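Please read the structure below before turning to the comments.
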Amino acid sequence: MNKNIEPVIICPRCNGKLSLQKNELACLKCKHSYKIINNIPVFLDRLSYDEGSEESFRDRLKKNTKFFRVFKKIHSIIGPPDSNYFKKVYVKDNKVDFPLKEIIRENELILNIGSSSKKIYPNAINLDIGLFENVDVVADGKNLPFKDNSFDLVLIESVLEHVDEPERVIKESYRVLKSKGRIYISIPFVFVFHGSPNDFNRYTLNGLKKRLEIAGFKVKKFGIISGPSSTMSQMLRYYLATLFSFNNDFLFSFFLNVFGWITFPIKYFDIILNKYKKAHLMASIIYAIGEK
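Have a look at this one:
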């Protein structure tokens with residue numbers, strides 16, 4: 317179990333103290349117990365494991381290591397680049413979104429909500445709703461199993477669109493953050509449907525800022541991650557793939573790759589357009605940073 321978990325973990329049902337026992341955590345207050353699977357505490361009675369998601373597909377492929385390697389090789393050759401332009405920076409040899417460079421600080425405890433299989437932040441607890449690779453805690457972001465005032469930074473990167481009640485996740489993040497703790501949220505604005513397992517929300521910059529303020533945060537910074545060129549690049553590949561698919565799933569997937577290769581260079585116009593004051597009107601992905 318991640319060494320950072322035990323000092324801050326509590327029962328999400330009653331906020332009681334948890335006792336570490338063999339293969340489970342037992343609440344001393346309400347007597348409820350939670351499984352520990354592969355050294356990962358699981359606070360969900362039913363794991364949400366989307367069979368159609370990228371994470372699930374990758375995990376199933378890994379059961380056949382040889383096939384997984386062949387699949388990765390083929391996809392790396394024929395798969396088109398991402399339709400979104402991301403400006404990345406390095407923080408301790410980790411490639412992250414550029415706004416994070418100023419808020420990730422050494423020796424601070426980070427909670428990464430909706431981490432999936434990524435493990436790119438030092439001193440972080442990765443939380444997700446499935447037993448994916450590199451996940452430290454399986455729990456619901458709407459009911460976090462952590463004490464008040466536990467974390468210095470909460471990261472929610474392209475996650476809230478998949479949550480049916482995103483305001484609850486933001487409110488819970490406020491609760492577990494220390495005074496002056498920061499929250500970083502990125503979320504799509506103009507973006508295609510991408511259920512993994514579901515897709516519920518989109519926010520404007522004003523909408524994202526307002527949600528943070530309602531939860532009690534002071535908004536310190538906000539802006540664009542991927543701009544209007546990324547939006548056009550993505551929309552064109554999906555529109556043309558749909559147009560030429562003739563309602564056939566195989567043809568749709570085929571043309572999504574074909575037109576992905578044709579349209580992806582459009583995204584690089586964001587290097588210029590992201591600096592324009594009207595770029596937010598059709599930005600692909602936005603962000604905001606709040607302080608408790």
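Under my numbering, think of the first position of the sequence shown as 317, with each following residue one higher. Every residue gets a Cβ at the ideal spot worked out from N, C-alpha and C, and that includes glycine. Keep in mind the model is a prediction, meaning the values are calculated, not measured.
In the DSSP assignment, I353 forms a beta bridge with I356. For G576, the uninterrupted alpha helix (DSSP H) segment begins and ends at 565-579. The stretch 398-417 makes contact with the stretch 433-451, as at least three CB pairs between them are under 8 Å. For R498, the secondary structure class from DSSP, reduced to helix, strand or coil, is strand.
In terms of Cα proximity to F568, the closest of R553, P581, V453, C327 is R553. For S549, the enclosing alpha helix (DSSP H) starts and ends at 544-559. For the pair I582 and S549, the CB atoms are nearer than the 7 Å cut-off. Shortest Cα-Cα distance from S600 to any of I530, E477, I325 involves E477.
Counting C-beta pairs with one atom in each stretch, the stretch 486-501 and the stretch 450-462 have three or more that are closer than 8 Å, which means they touch. Under DSSP, the beta-bridge partners assigned to L469 are I426, R498. Taking 7 Å as the cut-off, the beta carbon of A604 is found no closer than this to the beta carbon of K496.
Under DSSP, E340 forms a beta bridge with Q337, K351. If you draw a 10 Å sphere on the C-beta of E422, you find fewer than 16 other C-beta atoms in it, and that means exposed. From the listed residues M551, I588, L427, the smallest Cα separation to V506 is found for M551.
One Cα belongs to P513, the other to V479, and the distance between them is close to 10 Å.
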